[in-house]
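>
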């Protein structure tokens, strides 16, 4: 099986650092390094960490009317932003309103929009867009042509500045820059999946190794730490950020997932519009809620949530130990009839542990700090 998995262009760097690998979306990606998940997590919260997220999809929508086409299909409204900014958006199923994928759209200009879907869903998002693209608009999958590096944490600006990359631009905006003597093109976007100030860098595969090496050298004085998908998961769970395939899926709509803010409700058209408008008008039957352990329980995906000993409510969709709070935290799609501040039980290895329902994030974010 391992031989069939795709590898990042930085795979040899991860091997040299002693990474433990895991399959993710058809890719062999670093799960953690010898430093361990907690130290990697803490490095991002307190200083700076670097992630290889090259497994993320990369698809370019180009041609006359490309931006209009994206706006007429994906959920969010590009009219809320402008060229040079990025936007979180959803690809919804046109009939059910279920979430095919959540992704980031980089609006370069009216004829070029770069989409960053999740690894496992890239082919399906591209397929749906290609099937509906008007004449003259192309949707090209560049999944394996570009790498994505995420530099996240309070000292991320200093690290980027030392390698000559721009910093300080507005949250969810991006700048096209050059790196190194060869003037390699790098898209530097103030985005991330950790809740901390940081940047995501899109660069050609052939230049990814040099950029990684330069960033690691530049960040040494700040204690830069290579971080795997394990700490990425604990960081995003502390923020209540949903993970497709766990917290959101084709069986979940944006209203119940708490993602109504990523829907352009006033737009005349987008995939799934009628279905999600109906849910919005009627009200969802469940909502993605946060759970915090009252005692020492640590929830894991699939564990049952109950209102009383014998009244099942849902299953945990994401659950972990929070290194910041030193408590177990989780997410679950809880029926809306349950009070927002209720206490519930989670079945942890046959023992009912008490959890408090809360509204995420579980920790204060600093992602938008100027």
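Numbering (my numbering), first residue to last: 357 to 726. The beta-carbon is built from N, C-alpha and C at its ideal position, and this holds for glycine as well.
On the premise that residue 473 lies in contact with residue 481, defined as a C-beta separation below 8 Å, what is that separation, rounded to the nearest angstrom?
Contact holds; Cβ gap of about 5 Å.
> Counting only the same chain and skipping the five closest in sequence on each side, list residues whose C-beta sits under 7 Å from that of residue 602.
Once the five neighbours on either side are set aside, the close Cβ partners of residue 602 are 657, 673, 674.
> DSSP three-state label for residue 347, please.
Summary: the structure shown does not reach residue 347, with the chain confined to residues 357 through 726, and so no result is reported for it.
> Go ahead and pull the three-state DSSP assignment for residue 626.
Residue 626: coil per DSSP, three-state reduction.
> For the alpha helix (DSSP H) containing residue 587, name the first residue and the last one.
Residue 587 -> alpha helix (DSSP H) spans 585-595.
> What three-state label does DSSP hand residue 756 in the structure shown?
Outside the modelled stretch of the chain, which goes from 357 to 726, sits residue 756, for which no answer is possible.
> Cα separation between residue 719 and residue 618?
Each residue's Cα considered, the two are about 22 Å apart.
> Whole angstroms are fine: how far does the CA of residue 402 sit from the CA of residue 549?
Approximately 16 Å, taken between the alpha carbons.
> For residue 568, report the span of its alpha helix (DSSP H) as first-last.
Looking at the DSSP string, the run of the alpha helix (DSSP H) that includes residue 568 is 561-574.
> Are the region 569-581 and the region 396-413 touching by the rule of at least three beta carbon pairs closer than 8 Å?
They touch, by the three-pair rule.
> Taking the beta strand (DSSP E) that residue 354 belongs to, which residues open and close that run?
Shown here, the chain extends from 357 to 726; a query on residue 354 therefore has no answer.
> For residue 398, collect the residues of the same chain with a Cβ closer than 7 Å to its Cβ; drop the 5 residues on either side in sequence, then sort them by chain order.
Answer for residue 398: 679, listed in chain order.
> Note down, one range per segment and in chain order, each alpha helix (DSSP H) of at least 4 residues found wholly within the region 360-409.
367-372, 393-402, all fully within the region 360-409.
> Are residue 662 and residue 700 touching if we call contact CB-CB under 8 Å?
Their beta carbons are under 8 Å apart, which means residue 662 touches residue 700 by this criterion.
> Where DSSP assigns a beta bridge to residue 444, which residues make up the other side?
460, per the DSSP bridge assignment.
> Leaving out five residues on either side along the sequence, give the residues of the same chain with a beta carbon under 6 Å from the beta carbon of residue 730.
The requested residue 730 does not occur in the structure, where the chain is confined to residues 357 to 726.
> Cutting at 8 Å between CB atoms, please list the residues of its own chain near residue 357, excluding the five before and the five after it.
Low confidence applies here, because residue 357 scores a pLDDT of 43, under 50, leaving its location unreliable; read the following figure in that light. These residues qualify, in order along the chain: 379.
> State buried or exposed for residue 501, treating a residue as buried only when at least 16 other CB atoms are found within 10 Å of its CB.
So residue 501 ends up on the exposed side.
> If you draw a straight line from the alpha carbon of residue 503 to that of residue 608, how long is it in whole angstroms?
About 30 Å.
> Do residue 461 and residue 471 have their C-beta atoms within less than 8 Å of each other?
Cβ atoms of residue 461 and residue 471: closer than 8 Å.
> Who does residue 703 pair with in a DSSP beta bridge?
Looking at the DSSP assignment, residue 703 forms a beta bridge with 708.
> Run the CB neighbour count on residue 414, radius 10 Å, all protein chains shown included, and call it buried at 16 or more, exposed below.
Its Cβ being crowded by 16 or more others within 10 Å, residue 414 is buried.
> Please confirm whether residue 703 and residue 660 have their CB atoms less than 8 Å apart.
Against a cut-off of 8 Å, the Cβ pair of residue 660 and residue 703 comes out as a contact.
> Just to confirm the assignment, what range does the alpha helix (DSSP H) spanning residue 518 have?
512-518 is the span of the alpha helix (DSSP H), which, as asked, contains residue 518.
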